[in-house]
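S.K.: Heads up, the final residue of the sequence shown is numbered 611 in UniProt numbering, and it's a clean run with no missing numbers. A virtual CB, placed ideally from N, CA and C, is assigned to each residue, including glycine. Everything numeric in this text was worked out from a predicted model, so none of it was measured.
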Amino acid sequence: MARGRAFWAVYFSKFNAVGLRKFFPKPLYRMFQSTPRKHQAASIISLDCKEGKHRFFHSFLLLQEQSTSVVTMVEENLRIHTFTEIPSPEIFSSQIEPKNVPAVFKGCIKNWKAFSKWNPSDGGLIYLQERVGSVAVEAMLSRSAPVFYGDIRSHERVPLSFSTFIRYCLGLLKNRDGRRDDFLESQKHSLVVSDTEQTDLHFGEAPQQFYLAQVPILNFEKNEHMQLECLGEDIQTPVPLETKSLSSVNLWMNSMKARSSTHYDPHHNLLCIVSGCKEVTLWPPSATPYLYPLPLYGEASNHSSVTLEEPDLSLYPRATCLSDFSQKVVLHAGDALFIPEGWFHQVDSEVLTIAVNFWWRSMTISGMLEHMDAYYLRRILKRLTDKEMNKMLHFPSSSMDKTMTCTTSRPNNAYRDHVHQGISTNCGDRSSKDELKSKVMLQDLEPCASQSLSELILLVHNRLNPSKLTESTDNSSAGENDETNKRKEDSCSTSGDPVANLILTLHPLGIHSVFLAMANHFPRTLEALVLHALTPVGSEILTRKFEEMDQLISGDDQNQFYQIFYGVFDDQSAAMDVLLNGKELFARQAFENVLGQYLGNNPDGPKQQTK
């Protein structure tokens, strides 16, 4: 058990000095500390073979090092780029859009008529009032201003005279240097008294609670007149989008400072700043689990349930990692930001900011055939489940799989002698499983493998101790229903599972020698290990180790190994069923995690809160 605690302390401290001092004797700690980081894992193995006390999984630590570099590479691939020259439609469509990574285009719309005519500091509000008049538009009314939540429970869509909103903005412009509270109070009363339109009575709540959000200027999917269609004459399709089939063009205008809640859009988006300033915080779709999306079946399924100002980490513990995945960009008048579909974003707008956005369907979505939806769904869920399984095991995923193969295919010095002493991959030296068994006698085991074998035998015997089983049963009989889910999750976690942790720390060739020795000298213990001591996570780890081992030994050795391994069991099919059932239970837990993290489908998790 001490060994397991040491292993996890090192892992979670990530080479933190405090964590290492707790478990390394001083001379060994100094030796480790003076070793270059890239060689620290090999040093641990060296210490392992010399001392036989503090043993850690070398390839796991190496992979942790490599995984860090890969994550850095991925972040670089997702980094937002700024273009000072406006890309042509061809370059945008072939080099920028397909990457599905945000991009900033400086000065993209400075040639618009709106850029000069709509500027509030240069008579732009009067111009807009004359152009649009008293047309009723749909405004967002928020009780939580300046934050405007997309959840329909947290805001209302109300009709509002455009000229009334402009008059309020004009008053704000004139009193920008005055006292804000006095100004808001005076505007609230003056607007209610000066205008008898029913819509303006909404200002009795508070003027700053209104936001002209997503007011249509043009809609190419609906053949109907838009309220602000007259403003279309002052804008033009940005150069990068000239060849796109646009879905809609919308106006976004706020008087006071405003913040949108974190959400993603189902279309590609080009956000163009006509006047003012916006700060946009973005997260890639891969950060979805940390944003706790609202349930897919809800009305606001594209919104995060986390309040970023003061997140409740007791309800949303993964939100602590949000800053690790976020990127911020500041957009000034004339700039444009490409926000790909699926990218979560939160927008902070300065006082009197006006923007226009363009939405269009991505080629990915446009090219998806409806009759293939079920297949795409299963493929994507399978890929996410596989990644979640790797994460649960602290294993690398996707692009790291090949790295793991390359790492384990070259045994390090700690195991090189062991390989030459009879676990060689040269298949010409063996002709029978009896000869293979004789190669792995107890006295021939390396100290590392011998200690692992002893610990594994002790763990199995402790796990199957009748008195402990009885005590566990008695203690768990009361409140069994309440603890069912927790036990299920615990059985799929390496935390508190010494058997799984020990198997995890073994090199694949160590697995080979330890299990052959166990089959030869302790067959009933091996049988008890597989049939009774393996949890779902233990089954997953063991079978993965077998797969890694298969890459390091010959085909003949593989066949002989599995003949000996399964030959221990009176019912070989029962042993196979236990392993497969355990793997499926582990995969099911990973699948349920995916549903909760990516689809918001988690009935036992935090409930949706009213903002």
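Go ahead and pull the three-state DSSP assignment for residue 355.
M.R.: For the purposes of this step, residue 355 is taken as residue 355 along the sequence shown, with counting starting at 1. Three-state result, residue 355: strand.
S.K.: Just to confirm my understanding: we take residue 336, look at its own chain, exclude 5 residues before and 5 after, and list those with CB closer than 7 angstroms. What are they?
M.R.: The residue you call residue 336 lines up with position 336 of the sequence shown. Only 105, 108, 109, 238, 270, 271, 272 meet the Cβ criterion.
S.K.: Please determine, among 507, 118, 554, 295, the residue with the shortest C-alpha to C-alpha distance to residue 131.
M.R.: Here residue 131 corresponds to residue number 131 of the sequence shown, with the count starting at 1. Answer by Cα proximity: 118.
S.K.: Alpha carbons only, please: which of 254, 552, 523, 231 is nearest the one belonging to residue 510?
M.R.: Along the sequence shown, read from residue 1 onward, the residue named residue 510 stands at position 510. For the residues 254, 552, 523, 231, the minimum Cα distance to residue 510 belongs to 552.
S.K.: Starting from residue 389 and walking both ways along the alpha helix (DSSP H), at which residues does that stretch end?
M.R.: Within the sequence shown, the letter at position 389 stands for residue 389. Its alpha helix (DSSP H) spans residues 373–392.
S.K.: State whether the segment 224–237 contacts the segment 343–355, with contact taken as three or more CB pairs (one from each stretch) at a distance under 8 angstroms.
M.R.: no
S.K.: Comparing alpha-carbon positions, which option in 298, 292, 544 lies nearest residue 322?
M.R.: Counting from one through the sequence shown, the residue named residue 322 turns up at place 322. Looking at the Cα atoms, 292 is the closest of the given residues.
S.K.: Are the segment 517–534 and the segment 564–577 touching, with three or more C-beta to C-beta distances below 8 angstroms?
M.R.: At 8 angstroms Cβ cutoff, the stretches touch.
S.K.: Measuring alpha carbon to alpha carbon, tell me which of 275, 86, 503, 169 ends up nearest residue 115.
M.R.: Your numbering for residue 115 matches position 115 in the sequence shown. Cα-wise, what sits closest to residue 115 is 275.
S.K.: How about residue 392 and residue 260: are their beta carbons less than 8 angstroms apart?
M.R.: Mapped onto the sequence shown, residue 392 falls at position 392. Mapped onto the sequence shown, residue 260 falls at position 260. Against a cut-off of 8 angstroms, the Cβ pair of residue 260 and residue 392 comes out as no contact.
S.K.: Determine the DSSP secondary structure at residue 340, reduced to helix, strand or coil.
M.R.: If you number the sequence shown from 1, residue 340 lands on position 340. Note: residue 340 maps to coil in three-state DSSP.
S.K.: What's the C-alpha gap between residue 318 and residue 559?
M.R.: Start at 1 with the first residue of the sequence shown, and residue 318 comes out as number 318. Start at 1 with the first residue of the sequence shown, and residue 559 comes out as number 559. Computed Cα separation, rounded: 44 angstroms.
S.K.: Do you know offhand how far residue 584's Cα is from residue 388's?
M.R.: Taking the first residue of the sequence shown as position 1, residue 584 is located at position 584. Taking the first residue of the sequence shown as position 1, residue 388 is located at position 388. The alpha-carbon atoms of residue 584 and residue 388 are separated by roughly 14 angstroms.
S.K.: In chain order, which continuous runs of the alpha helix (DSSP H) of length 4 or greater are located wholly inside the segment 297–329?
M.R.: Look at the segment 297–329 and you find these whole runs of alpha helix (DSSP H), each 4 residues long or longer: 322–325.
S.K.: If contact is defined by three or more beta carbon pairs under 8 angstroms, each pair taking one atom from either stretch, is the segment 211–226 in contact with the segment 248–257?
M.R.: yes
S.K.: Assuming residue 376 and residue 363 are in contact, meaning their beta carbons sit under 8 angstroms apart, how far apart are those beta carbons, in whole angstroms?
M.R.: Locating residue 376 in the sequence shown gives position 376, where the first residue counts as 1. Locating residue 363 in the sequence shown gives position 363, where the first residue counts as 1. Between residue 363 and residue 376 the Cβ distance is about 15 angstroms, and since that is not below 8 angstroms, they are no contact.
S.K.: Hey, which unbroken runs of the alpha helix (DSSP H) at 4 residues or more fall wholly within the segment 505–544?
M.R.: 508–521, 523–528
S.K.: Compare the C-alpha of residue 246 against each of 230, 222, 264 and name the closest.
M.R.: Looking up residue 246 in the sequence shown gives position 246. Nearest C-alpha to residue 246: 222.
S.K.: Please state if the CB of residue 594 and the CB of residue 525 are separated by a distance shorter than 8 angstroms.
M.R.: The residue you call residue 525 lines up with position 525 of the sequence shown. The residue you call residue 594 lines up with position 594 of the sequence shown. No, they are not a contact pair.
S.K.: CA-CA distance, residue 615 and residue 390?
M.R.: Any answer about residue 615 is impossible in this case: the structure gives the chain only from 1 up to 611.
S.K.: Thinking C-alpha only, which one of 278, 535, 241 is nearest residue 89?
M.R.: Your numbering for residue 89 matches position 89 in the sequence shown. Of the candidates 278, 535, 241, the residue whose Cα lies closest to the Cα of residue 89 is 241.
S.K.: Report the three-state DSSP secondary structure of residue 557 (helix, strand or coil).
M.R.: Within the sequence shown, numbered from 1, the residue matching residue 557 stands at position 557. Residue 557: helix per DSSP, three-state reduction.
S.K.: Where does the unbroken beta strand (DSSP E) through residue 213 begin, and where does it stop?
M.R.: As a working mapping, residue 213 is identified with position 213 in the sequence shown. First-last of the beta strand (DSSP E) with residue 213: 210–219.
S.K.: If you reduce the DSSP assignment to three classes, tell me which class residue 438 lands in.
M.R.: The sequence position of residue 438 within the sequence shown is 438, counting from 1. Unreliable placement is indicated for residue 438, whose pLDDT of 46 sits below 50; no coordinate value is reported for it.
S.K.: Taking 8 angstroms as the threshold, find out whether the segment 136–147 comes into contact with the segment 87–103 through three or more Cβ pairs.
M.R.: no
S.K.: Taking just the CA atoms, how far does residue 170 sit from residue 133?
M.R.: By one-based count along the sequence shown, residue 133 stands at place 133. By one-based count along the sequence shown, residue 170 stands at place 170. Whole-angstrom Cα-Cα distance: 14 angstroms.
S.K.: State the beta-bridge partners of residue 278 as determined by DSSP.
M.R.: For this step, residue 278 is matched to residue 278 along the sequence shown. The bridge partners DSSP lists for residue 278 are 331, 349.
S.K.: Could you check how far apart the C-beta atoms of residue 463 and residue 499 are, in whole angstroms? I think they sit under 8 angstroms.
M.R.: For the purposes of this step, residue 463 is taken as the residue at position 463 of the sequence shown. For the purposes of this step, residue 499 is taken as the residue at position 499 of the sequence shown. That belief holds up - the Cβ atoms of residue 463 and residue 499 are roughly 7 angstroms apart, short of 8 angstroms.
S.K.: At a cut-off of 7 angstroms, would you count residue 362 as near the ligand FAD, judging by its Cβ distance to the nearest heavy atom?
M.R.: Of the ligands one can find in the structure shown there are none, so the ligand FAD has no counterpart to examine.
S.K.: Does the Cβ of residue 402 have 16 or more other Cβ atoms within 10 Å, making it buried, or fewer, making it exposed?
M.R.: Position 402 of the sequence shown, counting from 1, holds the residue named residue 402. Note on residue 402: pLDDT 37, under 50, position unreliable in the model; the coordinate value appears next. The residue is exposed, with fewer than 16 neighbouring Cβ atoms inside 10 Å.
S.K.: To the nearest whole angstrom, what separates the beta carbons of residue 394 and residue 442, a pair I think is in contact under 8 angstroms?
M.R.: Working through the sequence shown from its first residue, we reach residue 394 at position 394. Working through the sequence shown from its first residue, we reach residue 442 at position 442. About 32 angstroms separates the two Cβ atoms, so there is no contact after all.
S.K.: Who pairs with residue 272 in a beta bridge, going by DSSP?
M.R.: The sequence position of residue 272 within the sequence shown is 272, counting from 1. In the DSSP output, where bridge partners are listed per residue, residue 272 has 336, 356.
S.K.: For residue 517, count the other beta carbons within 10 Å of its own beta carbon; 16 or more makes it buried, fewer makes it exposed. Which is it?
M.R.: The residue given as residue 517 occupies position 517 in the sequence shown. With 16 or more Cβ atoms within 10 Å of its Cβ, residue 517 is classed as buried.
S.K.: Quick check: what's the CA-CA separation for residue 568 versus residue 527?
M.R.: Counting from one through the sequence shown, the residue named residue 568 turns up at place 568. Counting from one through the sequence shown, the residue named residue 527 turns up at place 527. If you draw a straight line from the Cα of residue 568 to the Cα of residue 527, it comes to about 7 angstroms.
S.K.: Whose C-alpha, out of 284, 224, 444, 512, is nearest the C-alpha of residue 79?
M.R.: Numbered from 1 along the sequence shown, position 79 holds the residue referred to as residue 79. Selected option, being the one with the closest Cα: 284.
S.K.: Just grab the DSSP bridge partners of residue 137 for me.
M.R.: Stepping through the sequence shown from its first residue, residue 137 is reached at position 137. 160.
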